[in-house]
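Read the structure below first, then the notes.
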Amino acid sequence: MNETKPHPAAPISRKLFLYPALCLCLLATVYGWYASSRYLKKEAGTRFAGHTDEITSQIVNRMEAYRTILRGGVALLAARGEVSREQWRRYVETLRLTKVQPGVLGFGFALAIAPAELPAHIAKIRAEGFADYTVWPENRRDEYTAIIYLEPFDARNQRAFGYDMFSEPVRRAAMEKARDNDRTALSGKVRLVQETETDVQAGFLLYVPVYNNEMSSTTVIERRSALRGYVYSPFRAKDLMRGIIVPNWHDIDVEIYDGTEVGENSLLFDSNEDGHAHTLSGQRLFTEKKVVDLYGHRWTLHFSSLPAFEAMHERQIPLAILISGLVISLLMFAVGWLQESTREKAIALANDMTAALRESEERFFGAFANAAIGMALVAPDGRFLKVNRALSQLTGYSEEELCGKTFQDITHPADLAADLEFLGEMLSGDRTTYHMEKRYLHKSGQVVWVMLSVSLVRDKFGAPLHFISQIQDFSTRKKLQQAEIARHAAEAASRSKSEFLANMSHELRTPLNSVIGFSEVLLDRLFGEINDKQQEYIGNILSSGRHLLALINDILDLAKVESGNMELEVSSFLLRDTLNASLTMLRVKAGKGSVDLQLKLAPEADVSIIADPRKLKQIMSNLLSNAVKFTPAGGTVSVSAIRAGGFIEIAVADTGRGIREEDKGKLFQAFTQLESAYTKEFEGTGLGLALTRQLVELHGGKIRVESVYGKGSRFSFTLPLKGNTGEDRP
83 MNETKPHPAA
93 PISRKLFLYP
103 ALCLCLLATV
113 YGWYASSRYL
123 KKEAGTRFAG
133 HTDEITSQIV
143 NRMEAYRTIL
153 RGGVALLAAR
163 GEVSREQWRR
173 YVETLRLTKV
183 QPGVLGFGFA
193 LAIAPAELPA
203 HIAKIRAEGF
213 ADYTVWPENR
223 RDEYTAIIYL
233 EPFDARNQRA
243 FGYDMFSEPV
253 RRAAMEKARD
263 NDRTALSGKV
273 RLVQETETDV
283 QAGFLLYVPV
293 YNNEMSSTTV
303 IERRSALRGY
313 VYSPFRAKDL
323 MRGIIVPNWH
333 DIDVEIYDGT
343 EVGENSLLFD
353 SNEDGHAHTL
363 SGQRLFTEKK
373 VVDLYGHRWT
383 LHFSSLPAFE
393 AMHERQIPLA
403 ILISGLVISL
413 LMFAVGWLQE
423 STREKAIALA
433 NDMTAALRES
443 EERFFGAFAN
453 AAIGMALVAP
463 DGRFLKVNRA
473 LSQLTGYSEE
483 ELCGKTFQDI
493 THPADLAADL
503 EFLGEMLSGD
513 RTTYHMEKRY
523 LHKSGQVVWV
533 MLSVSLVRDK
543 FGAPLHFISQ
553 IQDFSTRKKL
563 QQAEIARHAA
573 EAASRSKSEF
583 LANMSHELRT
593 PLNSVIGFSE
603 VLLDRLFGEI
613 NDKQQEYIGN
623 ILSSGRHLLA
633 LINDILDLAK
643 VESGNMELEV
653 SSFLLRDTLN
663 ASLTMLRVKA
673 GKGSVDLQLK
683 LAPEADVSII
693 ADPRKLKQIM
703 SNLLSNAVKF
713 TPAGGTVSVS
723 AIRAGGFIEI
733 AVADTGRGIR
743 EEDKGKLFQA
753 FTQLESAYTK
763 EFEGTGLGLA
773 LTRQLVELHG
783 GKIRVESVYG
793 KGSRFSFTLP
803 LKGNTGEDRP
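Just so it is clear: in the sequence shown, position 94 is 176 by this note's numbering, and no numbers are missing.
Next up, the structure:
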C-alpha cells in the first residue's frame, strides 16, 4: 500500500525565497542611494533655481491679482459715478479679501480734496454719523487726501479713517507716480497707521488712480486736474508673504527688501526668523538674489537653502530608497495584520460618517425650526410633513394643526390653480424650483400675502420625496404696492377732471357771452324803451352773467394749469408800465369806494423783467380787486416792488379788515371764500387766489401772505428777473 507523503513545508521554501529577494532589494537600495546621491547633488542647484523662479512668479502673480482687484474698484466708481459707503461695503464683501487674499488689511478709497473743499467734506462725513471725523494730520497743506472708505471697517482699519496719506513722503511719492502716469503704483516700506503695539510688521500700499470721467486725463496736467482719488489696499508684509511663501516653501529662506539695498532698515519680510540669509550665506549650500520691478518700484529677493532643503536632496531620498526596500519586505509578513487594521479603520470611518450625517441632520432641522421665515416640508400630495414656528405664527394655526392639513386647505382659491400647475411641472421634471406671490387664508379668515419659494427633493432613484417650501410674509409690501397703484389712479383721475373742466368751460362760455351781449344791447335800448322793472331784471341778468363768466374763466385757467396745458408767453417789458396799467384798471372801482391807490417802486426794481405780461396783469388784477373790495372807505391800497437777488418781490398791501390766523391756510384753496357772512356783501368766485398762486408758481416764484386781523393784509410774490430758469427761489 502506497502512502502519500506530504510535500516539504511550503512556508520554508517561501521564506528561503524571500531572503534572496530581500538581499537583492537591499543591494538595489544601496545602488539607488549611491546613484541618487550623485545625481541629486548635481540637480539640486537646478531645482533650487527653479524654486526661486516659482516663488518669484507667485509673488508677482499675487501682486497682479491685487492690482486686478483694485482696477475692479476703479471700474465700480467709473460706472456708478458716486458710490455710497454701503455700496462699497457690499462690493468688498463679495471679494472675500480676508479669506481669499490673506495679508490684505482692506480695500479702500482715498478721496482727493482741494483745500477750499475741506470744511464741506468734513461736514458731509460727519453728517453720515461720524461725529469725530476729521482729516488728519491737521496741518495746512496744498493738497489733501482722506481715507473715506476702507473695508472691512474693523477696529484696526478705523484707525486709518480720515488719514491723509499725501502727508507722508513715502506714500505721497507712490500716489504722485500713480496719478501722473495713470498707472498702478507700489509704495516703499512704511509703518501702517493700522499697526498697534503688538506684532508690529513692515507694510506697504498699492494705489490705482481714479479720474473724473467727464474730464480729459491725457497729459500730466490734465490728470492732476481730473483726479478724484485712489483705490488702494494696505498690506502687512509678513502676513501677506506668509500666505504666498510659507505654506509651500519650508526648505528655502526667502527675504524681501525694499529697493536694491540689502540691510536691516530695508527688510520687508524674512521667512526664516531665526537669522537673515544674507548674513549666513557662507553657511548655506545654495543662495540667489533677484531684483523684481513691481509697478514702478523695486524689491530685492534673497533666497538661501535651509537645512531641510539640503537634507532632502542629499540624504532623504537615498534613505527613502533603503527604507522602502525594508518596508516592502516586511509588508509581506504583515499583510494579515494590515488587513485587520484596514477593517478596523473601515468600521471607524463608517461610524464617523454616521455621526457626521446625524450632526448634519440636527443642524438642518435646527435651522429649519428657528428660521425667521416660514419653512415647511410638504409631501407630493400636498400634506404638510413638518412646519416651523414662523409658518405657524404666519397662518395662525399651531404646528400640529398644520401637519393635519394640506397646503390646498389654506391657499386662497384664486391662487390654487397656479400653485398646482407649478407643482405639476416640478413633478414632471420641467422645473426644479418655482417662486410666486400668493395668498394664504389665516385661521381668523383674513388674507395673508406671502412670497413662496419651492424646491423638490428626490431620492437616489429620481422619485420625488418631498417639497421644501420657504414662505415669507409679503403683506406689508403688497399693501404698499396697492397704495402706489391707488395713488397713480387718483393722479390720473385728477388730470381727467382738469381736462374735463377745461373742455366744459369752453362749451359754456360761448352761450354765456351771447346772454351777456344781448343783455347789454337791451340795456342800451337798441330794441326800444324798457321800463324800470325790466331794466332791473336785465341788470341782474347781466351782473349774474358777468359773474358766471368770471367764474368760468377762472375755472378754465385753473384747469389749464393743473392739466399742464397753460403756457407762458414771455417777453421783456418794463415792470413799472405793467404795475401802472394794473392800477389804472382798478382806479374807477377804487374811486367809487373812496380807496386810495399808491405805487411804491424801489429804484433798483425799476427794471425790465422777462415774464408773461398778460399773466402778471391777471395776478395783479386778482390781488388788487380783493384789496379794494375789502378795504373800507378812506383806506389805502399800495403796490410796492423791491429787488431780491435775481428776483423781483411785488407786494399788494391794504388797510382793510385783515385775515384771521386760522383762515390763512384756506386762502389759496379753490372754491373757498372766508367769512361767508361778510363776503355775502361782495361777490367772488373763490378761485382768484388759487389761480394767482398757480400763475406765480408757473413763473418760478412763490406767493405769501401776512395779515393782522382788523388792521389789514399784505400779499407778496416773487418773480425771477430772467424768467423761470429753475434757480432756487428766495
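Virtual Cβ for every residue (Gly too), placed ideally from N, Cα, C.
Here the structure is a predicted model, which means the values were calculated and not measured.
For a quick check, are the C-beta atoms of residue i and residue j less than 9 Å apart?
i       : j       : result
Phe-212 : Glu-370 : no
Tyr-522 : His-494 : yes
His-570 : Pro-462 : no
Lys-699 : Thr-660 : yes
Val-313 : Gly-464 : no
Ile-455 : Asp-375 : no
His-781 : Leu-803 : no
Asp-736 : Gly-716 : no
Val-536 : Ile-550 : yes
Phe-466 : Cys-485 : yes
Leu-459 : Asp-501 : no
Lys-697 : Leu-771 : no
Arg-149 : Thr-280 : no
Ala-202 : Glu-225 : no
Ile-730 : Val-670 : no
Leu-657 : Ile-732 : yes
Asp-497 : Lys-520 : yes
Val-290 : Glu-233 : no
Ile-327 : Ile-137 : yes
Gly-114 : Ile-403 : yes
Measuring CA to CA, which of the options is closest to residue i?
i       : options                               : result
Ser-457 : Arg-540, Leu-502, Val-469 and Gly-448 : For the record, residue 457 in the displayed sequence is Met; it is not Ser. That would be Val-469, whose Cα lies nearest to the Cα of Met-457.
Ala-870 : Leu-476, Phe-368 and Gly-190          : The question about residue 870 has no answer here: the residues shown for the chain are numbered 83 through 812.
Leu-108 : Gly-716, Lys-697, Ser-601 and Ile-405 : Ile-405
Ser-676 : Lys-697, Thr-660, Leu-274 and Pro-714 : Pro-714
Val-186 : Ile-207, Ala-209, Arg-144 and Glu-168 : Arg-144
Leu-104 : Ser-690, Lys-748 and Leu-408          : Leu-408
Val-272 : Tyr-113, Ala-209, Asp-335 and Asp-340 : Asp-340
Ser-749 : Ile-403, Lys-124, Val-787 and Thr-660 : Note on identity: in this sequence residue 749 is Leu, with Ser being the wrong assignment. The residue with the shortest Cα to Cα distance from Leu-749 is Val-787.
Leu-200 : Ser-551, Ala-726 and Asn-221          : Asn-221
Ile-741 : Ala-709, Gly-155 and Arg-445          : Ala-709
Asp-246 : Glu-481, Arg-208, Pro-197 and Val-174 : Pro-197
Asp-745 : Ser-353, Leu-773, Thr-737 and Tyr-791 : Tyr-791
Leu-509 : His-524, Leu-538, Gln-140 and Glu-743 : Leu-538
Trp-381 : Lys-259, Lys-372 and Leu-309          : Lys-372
Ala-393 : Ser-720, Asp-694, Lys-784 and Ala-126 : Ala-126
Asn-239 : Ala-672, Arg-318 and Ile-137          : Arg-318
Lys-259 : Leu-367, Ser-653 and Gly-378          : Gly-378
Gly-544 : Thr-176, Ala-390, Val-689 and Thr-514 : Thr-514
Pro-546 : Gly-511, Ala-565, Glu-743 and Met-518 : Gly-511
Gly-132 : Phe-368, Arg-658 and Glu-519          : Phe-368
Thr-278 : Gly-244, Ser-298 and Ala-237          : Ala-237
His-332 : Met-648, Thr-134 and Ala-437          : Thr-134
Ser-480 : Arg-310, His-524 and Glu-519          : His-524
Gln-528 : Ser-557, Ile-553, Met-518 and Val-112 : Ser-557
Gly-747 : Ile-785, Gly-114, Ile-338 and Val-721 : Ile-785
Ile-410 : Gly-738, Ala-390, Ala-110 and Ser-722 : Ala-110
Kindly give me the distance between the Cβ atoms of residue i and residue j, rounded to whole angstroms, as I take these residues to be in contact under 8 Å.
i       : j       : result
Leu-608 : Gln-617 : About 14 Å separates the two Cβ atoms, so there is no contact after all.
Thr-152 : Ser-386 : The sequence as given places Leu at residue 152; Thr does not occur at that position. At roughly 33 Å, the Cβ-Cβ gap does not stay under 8 Å, so Leu-152 and Ser-386 are not in contact.
Asp-262 : Arg-305 : 6 Å
Glu-242 : Val-275 : Note on identity: in this sequence residue 242 is Ala, with Glu being the wrong assignment. At roughly 5 Å, the Cβ-Cβ gap stays under 8 Å, so Ala-242 and Val-275 are in contact.
Tyr-231 : Gly-190 : 5 Å
Ala-687 : Val-652 : Ala-687 to Val-652, Cβ: 19 Å. No contact.
Problem - beta strand (DSSP E) runs wholly inside the stretch 685–724, at least 3 long, in chain order - result: 690–693
Practice task
Counting only runs of 4+ residues fully inside the stretch 187–220, write out the alpha helix (DSSP H) ranges in chain order.
Solution key: 200–209
Problem - Sufficient close CB pairs (3 or more, under 8 Å) joining the stretch 691–707 to the stretch 769–783 - result: yes
Practice task
May I ask you to verify whether the stretch 669–686 touches the stretch 789–807, counting CB pairs closer than 8 Å and requiring at least 3?
Solution key: no
Handout entry: Validate contact between the stretch 286–293 and the stretch 167–179 using beta carbons, cut 8 Å, 3 pairs
Key = no
Problem - beta strand (DSSP E) segments (min. 3 residues) lying fully within the stretch 461–548 - result: 466–469, 515–523 and 529–540
Handout entry: At least three beta-carbon pairs within less than 8 Å, the stretch 146–166 to the stretch 239–258
Key = no
Practice task
Scan the stretch 145–170 and note each continuous beta strand (DSSP E) run of 3 residues or more that stays entirely inside, going in chain order.
Solution key: none
Problem - Three CB pairs or more closer than 8 Å across the stretch 335–351 and the stretch 259–277 - result: yes
Practice task
Please go through the stretch 283–319 and give each complete beta strand (DSSP E) segment of 3 or more residues, from N-terminal end onward.
Solution key: 285–293 and 309–318
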